[in-house]
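Comments concern the structure below.
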Ligand SMILES: Nc1ncnc2c1ncn2[C@@H]1O[C@H](COP(=O)(O)OP(=O)(O)OP(=O)(O)O)[C@@H](O)[C@H]1O
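In full-length UniProt numbering, the protein residues as written are 1 to 271.
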């Protein structure tokens with residue numbers, strides 16, 4: 001379980017990016033984080049894994065407050081957080097298997113990682129994960145030979161190889177077509193449920209988020225202005241969160257159906 005208590009961040013420039021953000025994400029739940037550009041979504045994700053130093057507040061993973069840690073303690077606790085990125089962040093010249101195993105690097109002694117000698121149980125775990133994400137047949141391919149959807153599957157398997165207790169997912173589908181985006185969101189929600197993992201997904205595509213997550217949190221100017229089920233997120237609330245900014249993604253190409261003929265068109269056909 002992840003709990004944020006009064007999390008705030010003011011950058012040195014004076015920009016107040018987060019203002020007293022508090023919420024809890026129980027195991028198995030994916031929260032979709034939405035909001036206009038500059039609302040503080042990336043800052044929130046980065047304050048959780050301490051890539052950005054919060055100005056105030058607590059980040060509790062289980063019962064450990066990550067904001068109090070530094071040095072080795074922080075490094076150890078960061079292993080508990082799996083990250084999944086928009087641009088996958090794979091090592092292109094390494095194989096799929098090697099990329100997945102790199103999720104274990106925080107656990108193996110330096111000399112082993114340097115010689116890429118991973119313990120047998122790590123390799124077994126990596127095979128099981130590749131099976132789960134549907135990439136068994138691609139284990140020995142180089143990452144740069146994969147499609148976008150396959151790369152994101154590697155990114156997911158790598159994050160899981162870490163055996164995380166929390167997933168932070170940043171725009172996982174922003175580089176993917178609509179169909180692949182739905183497959184990736186389905187895989188993520190299934191995996192979180194199976195493993196009882198809490199997750200936060202920063203997502204621009206509100207309709208896609210509404211389709212797959214059980215809970216949405218809307219940020220506006222660093223504050224939580226919506227926290228609830230997708231069904232409760234109506235047009236009025238979306239306008240409140242986004243103001244003038246458009247929350248609709250571009251019309252998906254594959255769903256482009258020919259326009260329904262109007263009555264006038266139909267008459268023209270029979271005349
Ligand atoms: N390194 C930084 N230094 C100073 N201000 C920053 C920094 N990073 C972000 N900000 C400011 O903090 C606020 C929140 O930015 P953030 O990137 O978290 O928003 P976001 O919701 O992720 O936006 P987007 O959807 O465009 O990525 C903005 O006002 C931004 O200008």
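Built from N, CA and C at the ideal position, the CB exists for glycine as well.
Applying the criterion that 16 or more other CB atoms from any shown protein chain within 10 Å of the CB defines a buried residue, is residue i buried or exposed?
| i | result |
| --- | --- |
| residue 243 | exposed |
| residue 136 | exposed |
| residue 218 | buried |
| residue 232 | exposed |
| residue 151 | buried |
| residue 138 | buried |
| residue 147 | exposed |
Determine whether the beta carbon atoms of residue i and residue j lie at a separation below 8 angstroms.
| i | j | result |
| --- | --- | --- |
| residue 199 | residue 160 | no |
| residue 188 | residue 164 | no |
| residue 170 | residue 45 | yes |
| residue 118 | residue 104 | yes |
| residue 59 | residue 9 | no |
| residue 126 | residue 83 | no |
| residue 91 | residue 224 | no |
| residue 100 | residue 157 | yes |
| residue 29 | residue 182 | no |
| residue 149 | residue 184 | yes |
| residue 5 | residue 70 | no |
| residue 106 | residue 68 | no |
| residue 16 | residue 222 | yes |
| residue 7 | residue 54 | yes |
| residue 18 | residue 43 | yes |
So what does residue i bridge to, in DSSP terms?
| i | result |
| --- | --- |
| residue 56 | 8 |
| residue 32 | 201, 216 |
| residue 133 | None, per the DSSP bridge assignment. |
| residue 82 | 167 |
| residue 142 | 95 |
| residue 228 | 216 |
| residue 67 | None, per the DSSP bridge assignment. |
| residue 124 | Note: residue 124 sits in no beta bridge, so no partner. |
| residue 74 | Answer is none; residue 74 lacks a bridge partner. |
| residue 23 | 4 |
| residue 61 | 2, 64 |
I'd like to know if residue i contacts chain C, where contact means its C-beta is closer than 8 angstroms to some C-beta of that chain.
| i | result |
| --- | --- |
| residue 176 | Within the model displayed, chain C is absent; a lone protein chain is all it includes. |
Determine the direct distance from the alpha carbon of residue j to that of residue i, and round the result to whole angstroms.
| i | j | result |
| --- | --- | --- |
| residue 196 | residue 230 | 21 angstroms |
| residue 208 | residue 73 | 37 angstroms |
| residue 235 | residue 206 | 11 angstroms |
| residue 270 | residue 41 | Residue placement at residue 270 cannot be trusted, given a pLDDT of 38 that sits under 50; what the coordinates show is reported in the next sentence. Their backbone Cα atoms lie some 55 angstroms apart in a straight line. |
| residue 174 | residue 155 | 14 angstroms |
| residue 31 | residue 2 | 11 angstroms |
| residue 153 | residue 162 | 15 angstroms |
| residue 39 | residue 220 | 5 angstroms |
| residue 211 | residue 186 | 10 angstroms |
| residue 47 | residue 11 | 12 angstroms |
| residue 241 | residue 178 | 24 angstroms |
| residue 13 | residue 95 | 42 angstroms |
| residue 123 | residue 75 | 23 angstroms |
| residue 238 | residue 121 | 47 angstroms |
Could you round the C-beta distance between residue i and residue j to whole angstroms and report it? I think they count as a contact, below 8 angstroms.
| i | j | result |
| --- | --- | --- |
| residue 93 | residue 142 | 6 angstroms |
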